[in-house]
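Enquirer: Protein chains in written order, with this note's numbering: chain Z, 934 to 1256; chain B, 5 to 838.
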Amino acid sequence: MSMKFWCWITAAVLLLIGCNNNRSSVVIYIAQDAEFARPILREFEKETGIKTRAVFDSEAVKTVGLANRLLAEKNHPQCDVFWGNEEFRTRQLAAQNVFRATNGWAAFGARSRRVIVNTNVMRGAWSVTSLTHHAPRPTPQPIAPASLLELTNAAWRGKVALAYPMFGTTSAHFHALRQLWGDDAWQNWCRALAANQPFLVDGNSAVVKFVARGDAWIGLTDSDDIAAGQREGAPVAALPLAAESLLIPNTVAVVRGAPHPEAAQRLFDYLQSRTVVERLVSVQALENISKKEITAPVLRPDWDALIRDAESTTARLKEIFLR
Amino acid sequence: MNWPLLQNSLLVAAATTVFAAVLGVTAALALAGSGKSIRHGALALAAVALALPPFLVTNCWLDLLGGHGAWREWLPLNIFSTGGVVWILTLLTWPFFLFAALGAWRRLEPGQLESDPALCGAKLFRWLLWPMARSSLGLAGAIVFVLALNQFAVPAILQVKVFPAEVWVGFNTNLDNLAALKLGWPLIVAPVLLLLVLQHRDLRWPRGEGGVSAALFRRQLGGGWFGFSRVLTLLALVFSVAVPLAQLGGSRRTWSQLLPALEAAWPAVGHSFWLAAVTATLTVGAGIVWGQVVRTPKGGGTLLWLLFFTPGIFLGIALIFIFNRPGLDWFYRGAGVMLFALVTRYLAVGGSGAAGAIRRADRELIDAARLDGARGWTLFRRVLWPQTAPQLAAAWHAVYLLCLWDVETLLLVLPPGGETLALRVFNLLHYGHNSQVNALCIWLLVLAVAPLAAWTLWRAARTRWTVAMVLTAIFSATLTGCKPSVRPSEFPIDSKIFSRVQIIGARGTGSGEFNKPRSLALDTNDNLFVVDMTGRVQKFSPAGKFLLSWQMPQTDLGKPKGMDCDRDGNIIVLEPHYQRVNHFTPAGRLVRQWGVRGTNAHELTLPRSVAVNSRGDIFLSEYTLVDRVHGFAARDQQLLVAYGVAGEKPGEFNRVEGLGIDAQDRVYVADSCNHRIQIFSRDGRLLRTHGRAGSGRGELSYPYDVRIDRAGRQYVCEFGNSRIQIFDAQDGPVEILGGAGAGPGQFSNPWSVALDSHGNLYVADSKNHRVQKFIRTPAGSRGHWPVPSGDPPLGTGKSHDLFYTLVSNSNVLPVPSGQWPDGTGGSPVLPIAP
């Protein structure tokens, strides 16, 4: 083999290898909007001098791509900090000892699962959070449902949109509803909902699109997706929090055996700071500084029981919604 | 095993494969009989069809054929059906068959077509074209079948339940990779069986002459067949490319985000390009070597195909298991693992395509060349490449496109900072940044056709080394992360008063970025202060450079809104929901805070705007429980004047959102929901009003702010019309700046304006998340002002080194230096250049 050949090979190897033994850096896996997370990480870098190296999630493979990666890397972690955007998945990972034993993870901020309506069609008491409050509203007809139980009414046949109840925050919500109503009532409701021909789509942002387009009149989705839709001018509004609304905080966790534990701790503390949470609230990635601020009656599930029953609940959901 | 779902998936995959094959082969017939320029153009468009993201195409067709679709009335097809899924997947995948067939038919020889006059039309296809392309089409069929079988998002949106949902539940919800893999075995086995059925022994054709001309092909095919195939090809291109692209490019916001999105995603662009290009080169290169070494394909190829058929997430898990080990961190943490993942995934696609092409080359020519001493690169370049170039290029491009959009394979092994464009798109999609998603999709399409463009350039260029160096430079730039700077942020505009506009900031929460900026103020040095929905106050230099920021301490109840500069040079920031007036130094230190909640005369209820007159008196507007204007003394905040009640009559208010004060201390009130400006004397006497609801000249829609320059011109910020309307001192409309849009000089619901000491105008362009600075026409320029003859000057004035002449009817005349103002006493003065 000629010298030229070995030079090319060396150059290719140098291009492809990764060197990351830098003590003043921290690796973070983030299940949050990169547009909002990046400036926060830059501020952290400015304040602490610690370089952040981030991996973000993707709609195509759901948030859980990162969760699966953390599990797969458990024996030889590459990640220091996990910034999650829902509690259920974080608790599942904690139950599998992905995070450090003491003070492994924390929740901060809160957004919620809400019913949204198409404001060109529906009427009722909902909170309009967009700047379109001056736009004239045509006289709508149907009254928005007051409870999730009403979604099984024939009046909403073919007019409800939600993400597949086996994935993401919709899954967590359905699990919590099972705990609230009891298994029999919950199964009856799920079957009635499935029979009411809802639009089952592959994500919460798709729910907003369906409702905005008018294909569905009502949707069940996350408040940050609603806010994102309103920013784009979608004619949607969120109904107020109800007893069946689920609060979803952001979570931050330090991985067990993190390669850079000191830097991880600093980032762990920084992400829970009021400044960061307020910033996320201001851009509507969160609704509130913390769950404690919300005094309205909402779902407060027993998460340990939820995790324990997760498999059976998922099996029921598959049986009902994947036929 | 969920058999109904598996049935759905197999039906969708099979139907898609069949329809895509028909469409692709028909298109190949049309292009084989078309001239070079039409062929190249159509191939580029076909590459675009392959590169369009499924979510975009699906949403496009939902907008057309969904429940409220634009075409629904005259085309009542139910898109929410298995047929709808097949339709969309066919539109996404037919180019695979086009590339395969066209690549195979490039080996046609004139003698083959002319050998039998009866070999035309359907017989030509049956006895010559089909056997020649069978192997390539089988390969394309396997690819399309796998892609359709594994599709989840498109069927989910169109309400068709498919088998991959089962796999995702196992992987996603239960976090059980092994169970998910066990569930997913049909997704792997079905394509393997299909491949075994579709594989054929390659036919070797002698190669003694050159290629077939388009005219000969057309003649043999027959006018009827050719015409039909052309029409179908045109329809395919319209439905699969033109219609989605029209929706993609139809939004102005998409184009305004084009360069900012590229600048933000430049490293991802580089990663996408080089990973796709290198993967395609390595896989095709391996196939070239394999095709020469192994003359008859054996079972090893099927094993490689398993890696392509297996969902990418499982490949990722396997790679983590293999490489995430202490001794291999150097590889696992770098780009090498990404390249390895992609090469492993697509080796069968690129390798089979290339190996098949090599095996179909004329062996006699190869043997003759070897006897002449040709080996290795020389043999490839002089003998193999001329025979197989189109097929190799087709295989290369197919792998390149598959890599561009790959997400599943990379997500689990992506090192920090190694984000690709596709991953970035899906992250932005998840969080609803539609215009940025669309902009990045356009760049992905540019990347998709870039190799075709480079190929055309290469063949056309006289000096190929120059082309090679240009391409190398571009490649190096993407690797090293050199990024283009965003074009200068100043743009010329067509205005009588302003010559250009500068864009300050962009959307975000970082320093110098905004989230719905609502209020502006300028200090005595013309530094700009902006408050937005993050609750920060940010300070910029007169040139627009970020200097510092501070966070308002309390924003739970609401964000600050309403700013001005007090007589001490401090920045006043109102907190409407806290009924507070804050005075900050330009460095951000709070020096004074006052305000008592209530509706009594000296108390405050949701103060929304503030203005300071020449004496330093502070005027505030309020609304909700009261609609009024308050004036407070500068020194001790003693109440000086209070006027206004809720209502529509003159002197009554309906949501005052902005206040302005002129050189004579008259108070201008932006009475937003009454769509008018009301002007009061310093002591609160109503002088006049102007404006009515509308979008015409002189009409207003939700005026949110007003500022008055020294000439008495009023700059009214119209939230509802997304524009700035300029009135003269007699309330006559002078000019309108902007209109709704995201381009320079356009606005989206502007909230606030401010004027600096040079007469430059700042606008808080709220929904565009930026501030725009309109720069006054420079000194010495007459701008667009007409120069009348014979108009007697009404007087002259000077302020800030600007020389004025008093004129009538908004006309100006330049004044020689040395002339001084003679006192205006309320007469209008228009500034001109010295």
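Glycine included, C-beta positions come from ideal geometry on N, C-alpha and C.
Model, not experiment: these values are computed from the prediction.
Which residues bound the alpha helix (DSSP H) around residue 350 of chain B?
Expert: Segment 340-363, the alpha helix (DSSP H) holding residue 350 of chain B.
Enquirer: Round the Cβ separation of residue 104 of chain B and residue 132 of chain B to the nearest angstrom and send it over; I've been treating them as touching at under 8 Å.
Expert: About 16 Å; that fails the 8 Å criterion.
Enquirer: So, does the CB of residue 329 of chain B fall closer than 8 Å to a CB anywhere in chain Z?
Expert: yes
Enquirer: Using the DSSP secondary-structure output, state which residues sit across from residue 127 of chain B in a beta bridge.
Expert: BP columns for residue 127 of chain B are empty, so no partner.
Enquirer: Decide if the segment 1012-1019 of chain Z is in contact with the segment 956-970 of chain Z; the criterion is three or more beta carbon pairs, one per stretch, under 8 Å apart.
Expert: A contact exists between the segment 1012-1019 of chain Z and the segment 956-970 of chain Z.
Enquirer: Taking the alpha helix (DSSP H) that residue 44 of chain B belongs to, which residues open and close that run?
Expert: 40-55
Enquirer: Rank B:507, B:230 and B:501 by C-alpha distance to the C-alpha of residue 493 of chain B and give the top, closest one.
Expert: B:507
Enquirer: What does residue 1224 of chain Z reach in chain B if we use C-beta pairs closer than 7 Å?
Expert: Going along chain B, no residue has its Cβ under 7 Å from residue 1224 of chain Z, so there is no contact; the nearest lies around 15 Å.
Enquirer: Quick one: Cα of residue 139 of chain B to Cα of residue 291 of chain B, how far?
Expert: 15 Å
Enquirer: Please report the straight-line C-alpha distance between residue 604 of chain B and residue 623 of chain B, rounded to a whole angstrom.
Expert: 16 Å
Enquirer: Contact criterion: CB-CB distance below 8 Å. Does residue 415 of chain B meet it with respect to chain Z?
Expert: A Cβ of chain Z is located within less than 8 Å of the beta carbon of residue 415 of chain B.
Enquirer: Using only alpha-carbon positions, find the residue among Z:1083, Z:1228, Z:1046 and Z:1105 that is nearest to residue 1241 of chain Z.
Expert: Of the listed residues, the one whose Cα sits closest to residue 1241 of chain Z is Z:1105.
Enquirer: Distance, Cα to Cα, residue 269 of chain B vs residue 510 of chain B?
Expert: If I take the Cα positions, the gap works out to 15 Å.
Enquirer: Ordered along the chain, which non-local residues of its own chain (more than five positions away) have a Cβ less than 6 Å from that of residue 1137 of chain Z?
Expert: Close CB contacts of residue 1137 of chain Z within its chain, under the 6 Å cut and outside five residues either way in sequence, are with 1096, 1154, 1155 and 1158 (chain order).
Enquirer: Tell me which residues of the segment 597-618 of chain B have at least one Cβ-Cβ distance to chain Z shorter than 9 Å, keeping chain order.
Expert: Under the 9 Å Cβ criterion, the segment 597-618 of chain B contributes no residue.
Enquirer: For the segment 1133-1146 of chain Z, list every residue whose C-beta sits within 8 Å of some C-beta in chain B, in sequence order.
Expert: 1133, 1134, 1135, 1136, 1138, 1139, 1141, 1142 and 1146
Enquirer: Using a Cβ distance threshold of 8 Å, determine whether the segment 183-203 of chain B contacts the segment 148-157 of chain B, with at least three qualifying pairs required.
Expert: Yes: at least three Cβ pairs fall under 8 Å.
Enquirer: Give me the subset of the segment 1083-1100 of chain Z whose CB atoms are less than 8 Å from a CB atom of chain B, sorted by chain position.
Expert: 1097, 1099 and 1100
Enquirer: At what residue ranges does the segment 661-716 of chain B contain a whole run of the beta strand (DSSP E), taking only runs of 3 or more?
Expert: 671-675, 680-684, 690-694 and 707-712
Enquirer: When the Cα atoms are used, what is the spatial distance from residue 262 of chain B to residue 444 of chain B?
Expert: 7 Å
Enquirer: Just how far apart, CA to CA, sit residue 1034 of chain Z and residue 1041 of chain Z?
Expert: 19 Å
Enquirer: Taking the beta carbon of residue 1072 of chain Z as the centre, do at least 16 other beta carbons fall within 10 Å, making it buried, or is it exposed?
Expert: For residue 1072 of chain Z, the predicted model reports a pLDDT of 44, less than 50, meaning its position is unreliable; a value from the coordinates is still stated below. Residue 1072 of chain Z comes out exposed.
Enquirer: Measure how close the beta-carbons of residue 51 of chain B and residue 452 of chain B come, nearest whole angstrom, since I'm counting them as under 8 Å.
Expert: Rounded to whole angstroms, the Cβ separation of residue 51 of chain B and residue 452 of chain B is 5 Å, and the two are in contact under 8 Å.
Enquirer: Looking at the unbroken alpha helix (DSSP H) that takes in residue 336 of chain B, where does it start and where does it end?
Expert: 333-336
Enquirer: Mind listing the chain B neighbours of residue 1342 of chain Z? Cutoff is C-beta to C-beta under 7 Å, in chain order.
Expert: Lying outside 934 to 1256, the shown extent of chain Z, residue 1342 of chain Z is not represented and no answer is given.
Enquirer: Give me the subset of the segment 148-170 of chain B whose CB atoms are less than 8 Å from a CB atom of chain Z, sorted by chain position.
Expert: 156, 157, 160, 161, 163, 165, 169 and 170
Enquirer: Would the beta-carbon of residue 1257 of chain Z fall within 8 Å of that of residue 1039 of chain Z?
Expert: Nothing in the structure corresponds to residue 1257 of chain Z, since chain Z is present only between 934 and 1256.
Enquirer: Could you give the first and the last residue of the continuous alpha helix (DSSP H) run that contains residue 983 of chain Z?
Expert: Per DSSP, residue 983 of chain Z belongs to no alpha helix (DSSP H) and is neither H nor E.
Enquirer: Along the segment 549-566 of chain B, where does the CB come closer than 8 Å to a CB of chain Z? Name the residues.
Expert: Hits within the stretch, in order: 555, 559, 560 and 563.
Enquirer: Taking all protein chains shown into account, decide if residue 1141 of chain Z is buried (16 or more other Cβ within 10 angstroms of its Cβ) or exposed.
Expert: buried
Enquirer: Between the C-alpha atoms of residue 351 of chain B and residue 320 of chain B, what's the straight-line distance to the nearest angstrom?
Expert: 16 Å
Enquirer: Using a cut-off of 8 Å between C-beta atoms, extract the partners of residue 2 of chain B located in chain Z.
Expert: Missing from the structure shown is residue 2 of chain B; chain B here goes from 5 to 838 and no further.
Enquirer: Given that a residue counts as buried once 16 or more other Cβ atoms are within 10 Å of its Cβ, and exposed if not, what is residue 74 of chain B?
Expert: exposed
Enquirer: List, in order along the chain, the chain B residues whose C-beta lies closer than 8 Å to that of residue 1006 of chain Z?
Expert: Under the 8 Å cutoff, chain B gives 324 and 328.
Enquirer: Work out the CA separation of residue 588 of chain B and residue 575 of chain B for me, nearest whole Å.
Expert: 5 Å
Enquirer: Return the chain-ordered ranges of every beta strand (DSSP E) run that is complete within the segment 567-625 of chain B and spans a minimum of 3 residues.
Expert: 567-569, 575-579, 584-588, 594-598 and 611-616
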